[in-house]
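Here's the structure we're looking at; comments come further down.
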Amino acid sequence: MKKIEAIIKPFKLEEVKDALHEVGIQGMTVSEVKGFGRQKGHTEIYRGAEYTVDFLPKLKLDLVVADNQLSTAVQAIIRGAKTGKIGDGKIFVSGVEEVIRIRTEERGEQAV
Amino acid sequence: MKKIEAIIKPFKLEEVKDALHEVGIQGMTVSEVKGFGRQKGHTEIYRGAEYTVDFLPKLKLDLVVADNQLSTAVQAIIRGAKTGKIGDGKIFVSGVEEVIRIRTEERGEQAV
Amino acid sequence: MKKIEAIIKPFKLEEVKDALHEVGIQGMTVSEVKGFGRQKGHTEIYRGAEYTVDFLPKLKLDLVVADNQLSTAVQAIIRGAKTGKIGDGKIFVSGVEEVIRIRTEERGEQAV
Amino acid sequence: MRNPKVWILGAALLGLSCCSGVAADVGLERRIADLEAYIRNETATGPILSEVPGPGHNAWMMISAALVLFMTLPGLALFYGGLVRRKNVLSILGQCLGLTGLVIVLWWVCGYSLSFAEGGPFLGGWGWSFFKGVGSRPNDVYGTWVSHNIHAMYQLMFAIITPGLFIGAVAERMKFKAILVFSLFWMFLVYFPAAHMIWGADGWMNGLVNDRAAIKAIDFAGGIVVHMTSGWSALILCLLLGPRRGYGREPISPHSMVLCMVGTGMLWFGWYGFNAGSAVAADVVSSTAFTATTLSAGIGLCTWAVLEQGLRGKCSILGMCSGAVGGLATITPASGFVTPNGAVLIGLLSGISTYFACAKLKAWFRYDDSLDTFGVHAVGGTVGTFMAGILATAEAHPGLAADRIKSLVGHGLWLEQVKAGGIILVWSCLVTVALYYLTNALVGCRVDVETETQGLDLSEHGEGGYEH
Amino acid sequence: MRNPKVWILGAALLGLSCCSGVAADVGLERRIADLEAYIRNETATGPILSEVPGPGHNAWMMISAALVLFMTLPGLALFYGGLVRRKNVLSILGQCLGLTGLVIVLWWVCGYSLSFAEGGPFLGGWGWSFFKGVGSRPNDVYGTWVSHNIHAMYQLMFAIITPGLFIGAVAERMKFKAILVFSLFWMFLVYFPAAHMIWGADGWMNGLVNDRAAIKAIDFAGGIVVHMTSGWSALILCLLLGPRRGYGREPISPHSMVLCMVGTGMLWFGWYGFNAGSAVAADVVSSTAFTATTLSAGIGLCTWAVLEQGLRGKCSILGMCSGAVGGLATITPASGFVTPNGAVLIGLLSGISTYFACAKLKAWFRYDDSLDTFGVHAVGGTVGTFMAGILATAEAHPGLAADRIKSLVGHGLWLEQVKAGGIILVWSCLVTVALYYLTNALVGCRVDVETETQGLDLSEHGEGGYEH
Amino acid sequence: MRNPKVWILGAALLGLSCCSGVAADVGLERRIADLEAYIRNETATGPILSEVPGPGHNAWMMISAALVLFMTLPGLALFYGGLVRRKNVLSILGQCLGLTGLVIVLWWVCGYSLSFAEGGPFLGGWGWSFFKGVGSRPNDVYGTWVSHNIHAMYQLMFAIITPGLFIGAVAERMKFKAILVFSLFWMFLVYFPAAHMIWGADGWMNGLVNDRAAIKAIDFAGGIVVHMTSGWSALILCLLLGPRRGYGREPISPHSMVLCMVGTGMLWFGWYGFNAGSAVAADVVSSTAFTATTLSAGIGLCTWAVLEQGLRGKCSILGMCSGAVGGLATITPASGFVTPNGAVLIGLLSGISTYFACAKLKAWFRYDDSLDTFGVHAVGGTVGTFMAGILATAEAHPGLAADRIKSLVGHGLWLEQVKAGGIILVWSCLVTVALYYLTNALVGCRVDVETETQGLDLSEHGEGGYEH
Ligand SMILES: Nc1ncnc2c1ncn2[C@@H]1O[C@H](COP(=O)(O)OP(=O)(O)O)[C@@H](O)[C@H]1O
Ligand SMILES: Nc1ncnc2c1ncn2[C@@H]1O[C@H](COP(=O)(O)OP(=O)(O)O)[C@@H](O)[C@H]1O
Ligand SMILES: Nc1ncnc2c1ncn2[C@@H]1O[C@H](COP(=O)(O)OP(=O)(O)O)[C@@H](O)[C@H]1O
């Protein structure tokens, strides 16, 4: 099984979700994160002072998939998240040794 | 060393923490996440409009343990988090290559 | 490629960021987390009642680096985050199988 | 537009013979006396002014009524709303809104009438139902220079906040519907009778105004009628309902002390309408009440701060807020009757007693009075009612020099207070027990476990307090 | 300081012969009549009081003016601000602030003059530009006992909130600059003329005061002038601007119902200044308006609660807030003209009609009136304007017994209301179309896609509403 | 209750012979004159009215006092609280609450007396300590028609907010205890003397009222007494305390512009009590002040908006809020003395000078006046005090036509303002230096590094502002 971590632009969530649903992936966990990268942040002005806020709000998607779903899932994410502009984000893939569904204590791919 | 990522229902945190303490695990990192899965979300109504909110608030626990603690830790989490109802969450286990305690620069299992 | 997850004290972010920039690492993703560990939390009093809040606000840094950057990156994080006091946090290193830049669909080290 | 009647009168005088001067003087004298009566908040007797409100007094009562509404929406809603967990904040706001709507309807239908219209010693009559005859012309009995409908509106705002207070004790677990059903009956069985007995002109325990009152109690702005009724009912209700899930085991802490403090400021601000407005005029008595209110709130705040600093090592924002609100609740029944120094003493006793109730009593007995309605309002209201009996003085309120009560002031008045307070306390508790079971049978009082876990906002109202 | 003129007059009287008693009485009589006129809010004729404001009335109007400002800052800002998404909250706050500043400047330059100074039937003159001649001495025409400058300030607060209302319909997508530019012209073409026609002493449709009004309409506190102008303009504006990106596809839900409810409480509180203050005195009429306002708000709240409970199974906090605000908007034109029972009826109709507009109409036609400015204010204002024509009675407002309007009351008044409302409605819509295109040409009306996605706060103001 | 004395007098007149008509007239005339004096806010001389407050004026002062308290709780608390970082929000709220409690106690003990009781030119006497003799009867000297205790309460609210202002400069790093200790001494050494010198009837610099004032300065509502004292002390305090850790290196930005804007709205609303209330009557002067206040705030807001738009390309919400608050602070000393056009000019100068101070001066000198207490209040108060000297006119305030000051108005008054302002400025700074070291020796002024890093809320108060 593989774990996919994708960093995406927040307003792309709906599209990514839809793209994943289409390929049959339902389970996923999302968190709000701040991204630092090549994309520039914005400037805030408070009375005289000007601040450069160099992080950007992003969403991180964690999804664990069976090995054979990996490439469809990755394709789906790219399809949903791509705008072609800087800051679209990254996808990281790594191995997962075990998955357990707490409710049933099922393990492995059934638990995904 | 292994990394355990557990997605649980928010109100189960106290019980999971207690169960982990019992088996001697103290260190852990928790984040607030939104879960998408089989469990249905809820409906919100604003004046005429009805929205289905399909994510659910969940907590993600990250804990890194020595290899020999893995199964006790997993059992403890299941004990604490299980309600038997849909949406109890998942446990993901993966390998960790190195652990460093920043304060002392200790490495490996001592650092856990 | 390696994934570094570092748990640090929130007010150390600026210093860690600077230290990483110095060694040429720009990309990273940060999230707000709650840490449980040896460092004690604090006590809150509401009218008569006293609560021990045993978690502490921490930041989690996720950064994926090329294998050859790993040790410089880890050193930089330690340099930036260390105060020598309890609760400085941990660094976890694990393997990453694939990295994809969504915008360009580049893969591997170029995508980092 | 100049009043034509006055013109005619003036023109007529021109035709009078020399020696009618004195008679004319008498006419003028009475008119002047009526004008002076306006300034002094006394009754006008002549035809020209007795049918209209006096602008200064009327203005003060309109703003006071608005201030008392502001105490509930959004004052109390924020004060309480900040103290619950994030998932239940809207349930508090919704209860404040729902009760406001409900009580407005009740008040219009018959609530005002049953509270204030002429009736029996225990309950008013039906004469003013649907505000029949309640117009802009002042009513002779309540507020000589204030429009009768404004008196009705002012009193309405008290009727709104009273059930609003007890939601604090049952927060985070009582059904929205149950609160409305319970309050509906409670208003008829507790509030309207209590208001009539203590404040109705022919009320059984109205020592200030009713010559024939059986118990000659005084309650300036609602220590008995508002704080004791709701506060003691709150205690019974939270005992019957049981504690929140996890109470005493898990941390259940305020989700926003900022909201709570904002609510405190609004309550304090609005309380000037509540207390100084209870003079039903902008006269000497309202000035007394304004002053006493400020001092008691400030001293209550300081007392909690000192106690917390001494006993806990840190003085908290919630502590200072609680002290201020406690000081305000405690001075309420006494505010128009005491000197500044009396108010300081009451503020001090308030701080000590409410701190003790919230920080110790509750811990000993382990009831879950979630937001300390009992600890602050019942305790404060009870202490204040008693102290009003001890400290009231005609120096502060000329009405206490009236024959009907003069001999009690400074002597046996405290006993009248104990009697009145005791009767209302026992009655409130008994009715609450009965209504709890009735409500439970009708709609169920407590939300189910799922709802309590998920939070009342989503389950009961289909909304969240804040963006996800 | 004692007035010296009075002293001299008094001393002079001592030297009068016996038989001059009557003459003296006449002098005194007139002075007493003036004092009585103060109490009764009638016009003083003598030299001593006709140049000064009367304290009670003046105090009421100062606090009323402050209350109406409070409705915008921060009342409306929070009510609307809570309903948008987190990323746009500051844009709402900024629009409220910016419009406040802009309208203050306009009002001082010529806005007050064009609205209230003597002029033509459709627009006032320039006489009071830069507040020339607008001092503390009451103006005979507007508020006998209220400083003229306070009348100007009170009316200013209405001019501020009116454009503030329509920002709700175009929230989250209209440029800050565009809102200011549009409003600048809109004030001249819609607000100043409407205010003059309906409220100006020589206004073309001022049935209450102007004997020669062509249309004898009544509008107590701004059903036409405030709610219909802004509400109908809002509809046109949101149609022309198009819906927000993602509207109808993605969930676009309030980021903080807590703020929204706090804003509702503040609006209600401030609305007493708006409605009861519109008597421009603390007299019998203000009392009537205060009462009607409370009842309609409460009944409106209950109506939404019952409808939501019945049709959706849950009664929401936003529903109760909408019902209350709807009830307040709807009673506005009628508030000083109707009995309590009339107000209850209006509250009920308000609840039904605004619920229907927000929950059904919008869904059918799929326009994006983002925060329901049309659904609440235009619908409420229109219903209330019509109902004022049906329910107004001289029993509630003595002014309706005046010859100029007496025969219409209870008969054809509703038709006058329809005419006045209809004309203003059509005019507001036409002007809005024209100004939309003008503004678009000048500065562009809608933000670009990037800005809309990122949120207006960061893009347009360089700030975020909350810490990151 | 009808006043019995009046009845007797009336009855007696019936027995008078014909020719006593004139004598009777004189009695009546004096009574009428007293009634007229009420309307005109002049002094009553007869026995019937001279002992009671006048309802309109008294109502206005009660609501004004409440409004000024509202400025601190929760207005200022939110305005400042929104501007600090999340971890320090409660510390601001706590400081506002703590100072409120402290100053209430001080005021009751001797603060009011030292500020306003008859005493020396520099400090009042002890006569009114513990509010001895401060009852509901008006005091002849301060507020002819306002209860003396209400005057005391009104002034109390000014004494509360003044130290509340300087916490903005030392936010996020000064100990709670240190603020209380410092303020305790500061009230005795700066506030009470300044209030007495400028506003005390026998004050050394009270040009408006005291014939024998050495410096004939005017300060309508506290430009010197409130804004200059606190603002200049703030500058010194933040210089001595040093900047916040990370200041200039890390972004330290407001955690909630929403709270800040809400606070701004509340400050503006309350400021009507502050400025228009400073007439101590609802008379012509209060109307003037109300008008000037509105205009200056609006113009200040616009000026910042235009400057930010021009110089930064974006107009921010904080900018508009700062402009409004700056406009309010700057008009304060002048508000009752200037025409509308004067107020507009002051608003403009306010916007320019406070923008310059906050955006440029601070950057040049790199002091950490955290929330711009100096930039807004000291600069605004100083500019306004000076401009009051230039623009004050008897047209706006009849008191300026009095002999004692007439010749200065329009001529050398500005010099008196410079003298008074300069003396208070220097004195405030000197005292602040001394008290800083004293406080440091007693309890330490600055929190330790850990506390500053973790945030003052948890460390100093054991609470967090928001749920974790
Ligand atoms: N090496 C990395 N490790 C972890 N997260 C990264 C890394 N590089 C980029 N990111 C995340 O991806 C986001 C987008 O990256 P950025 O360099 O701005 O643009 P792009 O994705 O177009 O290359 C960043 O905001 C950050 O959250
Ligand atoms: N494939 C997955 N990858 C990552 N997180 C998942 C995955 N499947 C489920 N989750 C997480 O687990 C939670 C519970 O899953 P769900 O399917 O609702 O119920 P159950 O755990 O009973 O199977 C989800 O809300 C989501 O946060
Ligand atoms: N085994 C673990 N797994 C995951 N996170 C951990 C683990 N141990 C510690 N942490 C994280 O590291 C933080 C610091 O750990 P702590 O034990 O308090 O101090 P130190 O880092 O000095 O050993 C914790 O707050 C927690 O977030």
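Protein chains in written order, with our numbering: chain A, 1 to 112; chain B, 113 to 224; chain C, 225 to 336; chain D, 337 to 804; chain E, 805 to 1272; chain F, 1273 to 1740. All residues carry an ideal CB built from backbone N, CA and C; glycine is no exception. Owing to the predicted nature of the structure, the values given are computational and were not obtained by experimental measurement.
- Look at residue 1313 of chain F: its C-beta is not under 8 Å from any C-beta on chain D.
- When DSSP reads this structure, residue 203 of chain B sits in a beta bridge with A:100, B:118.
- Distances from the alpha-carbon of residue 652 of chain D to those of D:668, D:611, D:695 put D:695 closest.
- Taking 7 Å as the upper bound on Cβ-Cβ separation, chain E lies near residues 1612, 1613, 1616 of the stretch 1604-1619 of chain F.
- In the same chain as residue 962 of chain E, and ignoring 5 residues on each side of it, the C-beta atoms closer than 7 Å to its own belong to 872, 1026, 1030, in chain order.
- Between residue 1373 of chain F and residue 641 of chain D, the C-beta spacing is below 8 Å.
- The three-state secondary structure of residue 1536 of chain F, taken from DSSP, is helix.
- In terms of Cβ geometry, residue 540 of chain D and residue 474 of chain D do not form a close pair [threshold 8 Å].
- Boundaries of the alpha helix (DSSP H) harbouring residue 1351 of chain F: 1349-1353, taken from the DSSP string.
- For residue 1483 of chain F, the three-state secondary structure derived from DSSP is coil.
- At a cut-off of 8 Å between C-beta atoms, residue 623 of chain D counts as an interface residue with respect to chain F.
- Counting along the chain, residue 34 of chain A sits inside the beta strand (DSSP E) bounded by residues 28-36.
- Note that the C-beta distance between residue 188 of chain B and residue 132 of chain B is below 8 Å.
- With its beta carbon less than 8 Å from one in chain A, residue 1584 of chain F belongs to the interface.
- Along the stretch 1477-1508 of chain F, none of the residues has a CB nearer than 7 Å to a CB of chain D.
- Under a criterion of Cβ atoms nearer than 9 Å, no residue of chain B is adjacent to residue 1106 of chain E; the nearest Cβ is some 17 Å distant.
- At least one heavy atom of ligand 2 lies closer than 7 Å to the C-beta of residue 29 of chain A.
- Of the heavy atoms belonging to ligand 2, at least one sits nearer than 7 Å to the Cβ of residue 198 of chain B.
- The beta carbon of residue 26 of chain A falls within 8 Å of a beta carbon belonging to chain B, placing the residue at that interface.
- Here the distance from the Cβ of residue 261 of chain C to the nearest heavy atom of ligand 3 is below 7 Å.
- Nearest to residue 288 of chain C by alpha-carbon distance, out of C:323, C:312, C:272, is C:323.
- DSSP places residue 266 of chain C inside the beta strand (DSSP E), whose first and last residues are 266-270.
- Per DSSP, residue 12 of chain A is not a residue of any beta strand (DSSP E), being assigned neither H nor E.
- About 22 Å separates the Cβ atoms of residue 1545 of chain F and residue 1311 of chain F, ruling out a contact at the 8 Å cut-off.
- Under the 8 Å Cβ criterion, the stretch 1611-1627 of chain F counts as touching the stretch 1567-1582 of chain F, having at least three qualifying pairs.
- Taking the C-beta atoms as reference points, residue 85 of chain A is found no nearer than 8 Å to residue 7 of chain A.
- For the 8 Å CB-CB criterion, residue 1403 of chain F and residue 1536 of chain F do not form a contact.
- Distance between residue 316 of chain C and residue 270 of chain C, taken at the CA atoms: about 37 Å.
- In this structure, DSSP gives residue 1020 of chain E a state outside helix and strand, which the three-state scheme calls coil.
- Straight across, the Cα-Cα distance linking residue 863 of chain E with residue 626 of chain D is about 18 Å.
- Remark: C-beta atoms of residue 1237 of chain E and residue 979 of chain E do not approach each other more closely than 8 Å.
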